[in-house]
Amino acid sequence: MHPEVLQEHIRKMKEHTCKPWGVNVPLMYPEIDRLMQILKDEQVPIVFTSAGSPKKYTSFLHDFGAKVAHVVSSSKFAVKCEEAGVDAIVAEGFEAGGHDGREESTTLTLIPQVSAAIHTPLIAAGGIASGRAIAAAFALGAEGVQVGTAFALAQESSAHDNFKQRCLQLSEGDTFMVLKKIAPTRVIKNAFYERVAEAESRGADVDELREILGKGRAKLGIFEGDLTEGELEIGQIASAIKEVKPASQIIREMVDEYNRTIAHTSAMVMDN
330 MHPEVLQEHI
340 RKMKEHTCKP
350 WGVNVPLMYP
360 EIDRLMQILK
370 DEQVPIVFTS
380 AGSPKKYTSF
390 LHDFGAKVAH
400 VVSSSKFAVK
410 CEEAGVDAIV
420 AEGFEAGGHD
430 GREESTTLTL
440 IPQVSAAIHT
450 PLIAAGGIAS
460 GRAIAAAFAL
470 GAEGVQVGTA
480 FALAQESSAH
490 DNFKQRCLQL
500 SEGDTFMVLK
510 KIAPTRVIKN
520 AFYERVAEAE
530 SRGADVDELR
540 EILGKGRAKL
550 GIFEGDLTEG
560 ELEIGQIASA
570 IKEVKPASQI
580 IREMVDEYNR
590 TIAHTSAMVM
600 DN
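Counting in this note's numbering, the final residue of the sequence shown is number 601, and the numbers go up one at a time with none missing.
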């Protein structure tokens, strides 16, 4: 979001809920200092940062009372987050949509290793869109989960309907990692993807890839619905989602399935 749009949405949140809420800010974004000032001016209670060093803004955010969580893709970076004093760490496997880590560690592999390396509360992300996945994340050592794809395709999501409907048609293996020389990104195959893949296969340098990427490519695909030239970022778990649902229904179904999974697992342990 541009700064003015971010501020507009923050104020809408304030008007509509007294429940906990927060803002996600990738630190590589342009105008980052201005965005951070808006968070301070609006007294945003929780901030999730990613794609950059947690050292740069954690103290700034703490100074006005915000809780800070930072997204990582390895145990090494998780330890650096702990050293920077963040309040929680999000360990994200490369099943996730959008920008992922260069390590290509899966959530199943990543969570227990990060859990063993830190003492800070751990949030699991990447491929989580069901109660069973939540139970698995907790079993691996996470205290919470971050769910992206399921809510990107929710009824309330501001993503374009063209994008949502395209995602509902995906099968297993229909998302791909590209742009590893810039920032590894999981996307759906389309004409834009094909140009990037062709360039990468012949060894294109960073400058050429940046030229192909241009500006606003994700906005073009996700929010404006251009399925040909847009960057269609979504997680692997999209192939398991076949219906646009209200966010409240998604949450209820995940919680119900989580409770059933825990009960079933407990019964299996007792039986053995």
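Think of the CB as a built atom: it goes at the ideal place given N, C-alpha and C, for glycine as much as any other residue.
Next item on the list: Using alpha carbons as the reference points, say which of E360, A398, A464 and D416 lies closest to E586.
Entry: Across the set E360, A398, A464 and D416, the C-alpha of A464 shows the shortest separation from the C-alpha of E586.
Next item on the list: Go ahead and pull the three-state DSSP assignment for M506.
Entry: strand
Checklist line | Rounded C-alpha distance that separates D416 from G456 | finding: 23 Å
Check: So, helix, strand or coil for E501, using DSSP?
Finding: Annotated three-state conformation of E501 is coil, per DSSP.
Notebook entry, point to check: By how many angstroms is the C-alpha of L390 removed from the C-alpha of K369?
Noted result: 7 Å
Check: What do you get for Y358, buried or exposed, if any count of 16 or more other CB atoms within 10 angstroms of its CB means buried?
Finding: Exposed is the label assigned to Y358, since fewer than 16 other Cβ atoms lie within 10 Å of its Cβ.
Check: Is the stretch 463-482 touching the stretch 498-510, taking contact as three or more C-beta pairs under 8 Å?
Finding: no
Check: Between A420 and V397, is the Cβ-Cβ spacing less than 8 Å?
Finding: no
Notebook entry, point to check: When the distance is taken between beta carbons, is E562 closer than 8 Å to I551?
Noted result: yes
Item checked: Nonlocal neighbours in the same chain, by C-beta distance under 8 Å from E360, ignoring five residues either side -> H331 and P332
Check: Is the stretch 580-594 touching the stretch 510-523, taking contact as three or more C-beta pairs under 8 Å?
Finding: Because the criterion of three Cβ pairs below 8 Å is not met, the stretch 580-594 and the stretch 510-523 do not touch.
Margin query: By alpha-carbon positions, which one of R461, H428 and I418 ends up nearest to I440?
Written below: The candidate whose alpha carbon is nearest that of I440 is I418.
Notebook entry, point to check: Is the Cβ-Cβ distance between F393 and Q366 less than 8 Å?
Noted result: no
Checklist line | Nearest-angstrom beta carbon gap, Q484 and A576 [assumed within contact, 8 Å] | finding: 7 Å
Margin query: I want to see whether chain D comes within less than 8 Å of Q366, judged by CB atoms only; does it?
Written below: Note that chain D does not occur in the displayed structure, where there is just one protein chain.
Note to self: For the structure I just gave you, are there three or more beta carbon pairs, one from the stretch 375-390 and one from the stretch 400-416, closer than 8 Å?
What the structure shows: When Cβ pairs closer than 8 Å are counted between the two stretches, the stretch 375-390 is seen to touch the stretch 400-416, the count reaching three or more.
Notebook entry, point to check: Can you name, in chain order, every residue of its own chain whose Cβ lies under 8 Å from the Cβ of L335, other than the five neighbours on each side?
Noted result: The residues are V352, L364 and I367.
Next item on the list: Following the continuous alpha helix (DSSP H) through L364, name the residue where it begins and the one where it ends.
Entry: I361 to D370
Notebook entry, point to check: Alpha carbon to alpha carbon, how far is A446 from A407?
Noted result: 8 Å
Note to self: Rounded to the nearest angstrom, what separates S434 and E337 at their Cα positions?
What the structure shows: 36 Å
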